Amino acid sequence: MIFLTLQGTPYEIGFHHGRELKYLIHNVIRQRGWYFYGTECPSRETIKSAGDKLKSAFPEMMEEMRGIADGADMPLDDILLLNLRPLKEGCSNLALLCEEGPMLGHVDDNIECMADIAFRVRYASGLETKCIAIAGSIGYELQLCESDCT
Numbered sequence: 142m143i144f145l146t147l148q149g150t151p152y153e154i155g156f157h158h159g160r161e162l163k164y165l166i167h168n169v170i171r172q173r174g175w176y177f178y179g180t181e182c183p184s185r186e187t188i189k190s191a192g193d194k195l196k197s198a199f200p201e202m203m204e205e206m207r208g209i210a211d212g213a214d215m216p217l218d219d220i221l222l223l224n225l226r227p228l229k230e231g232c233s234n235l236a237l238l239c240e241e242g243p244m245l246g247h248v249d250d251n252i253e254c255m256a257d258i259a260f261r262v263r264y265a266s267g268l269e270t271k272c273i274a275i276a277g278s279i280g281y282e283l284q285l286c287e288s289d290c291t
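Mapping to this note's numbering: the sequence shown position 144 is 285, numbers consecutive.
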């Protein structure tokens, strides 16, 4: 398992994530080529529209994705697509009550290229989370927060 501590602004967190996991992120994109370059891939207009809506509603998420793209030397559209990918049937959701607090998760059962990456993220706002995720994703697959995870 890879352990990575990230801290700072959303962009700084994303940039460090992208730089440290660059080759894994590129591998995830290659493994998901059927989606990125196949007939299921949304049009560039759809991607731009989704990005604009996300930037308006959740600017921190877009900044983190922009940081990942810059750190991994990839187009932002690829990182946006990775994070907005459709959920396949057969994926598992779970909820656990742990001594440290609640842990909620979604496991992407259909990814063969997913490496186990444990993140410890310290946002400039003071929020700290511990999570497991796919390289390049800001939608953490399993997350444990010190306080409200929303």
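Just so it is clear, CB atoms sit at the ideal spot from N, CA and C, and this is done for glycine as well. This structure is a prediction, so every number in the text was calculated from the model and none was measured.
Worksheet item: What do you get for GLY277, buried or exposed, if any count of 16 or more other CB atoms within 10 angstroms of its CB means buried?
Response: buried
Practice prompt. Within 10 angstroms of the Cβ of LEU268, are there 16 or more other Cβ atoms? Answer buried if so, exposed if not.
Written response: exposed
Fill in: Neighbourhood of ARG207 by C-beta, 7 Å cutoff - its chain only, sequence neighbours within 5 removed
TYR152, GLY155, LEU217
Worksheet entry | Span separating the alpha-carbon of LYS271 from that of LEU147 | 10 Å
Worksheet item: To which residues does DSSP link GLN148 through a beta bridge?
Response: ARG263
Worksheet item: My guess is that HIS167 and GLY212 are in contact by the Cβ rule of under 8 Å, so how many angstroms apart are they, rounded?
Response: The Cβ separation is near 12 Å, so there is no contact.
Practice prompt. Identify whether ILE209 lies in helix, strand or coil by the three-state DSSP scheme.
Written response: helix
Discussion item. So for ALA274, helix, strand or coil by DSSP?
Written reply: strand
Practice prompt. Let me know if MET142 comes out buried or exposed under the rule of 16 or more other beta-carbons within 10 Å of its beta-carbon.
Written response: exposed
Discussion item. Can you list, in chain order, the residues of its chain with a C-beta nearer than 7 Å to that of VAL169? Leave out the 5 residues immediately preceding and following it.
Written reply: LEU223, CYS254, ILE275, ALA276, GLY277
Fill in: Reduced DSSP secondary structure (H/G/I, E/B, other) of ILE143
strand
Worksheet item: Helix, strand or coil for ILE258 per DSSP?
Response: strand
Worksheet item: Where does the unbroken alpha helix (DSSP H) through ARG185 begin, and where does it stop?
Response: 185-198
Practice prompt. Would you mind sorting GLU86 into buried or exposed? The rule is 16 or more other CB atoms within 10 Å of its CB.
Written response: With the chain represented from 142 up to 291, any question about residue 86 goes unanswered, as that position is not in the structure.
Worksheet item: Which residue from GLY149, GLY192, PHE144 puts its Cα closest to that of ALA265?
Response: GLY149
Discussion item. Checking 8 Å against the spacing of the C-beta atoms, do LEU225 and ALA191 come in under that value?
Written reply: yes
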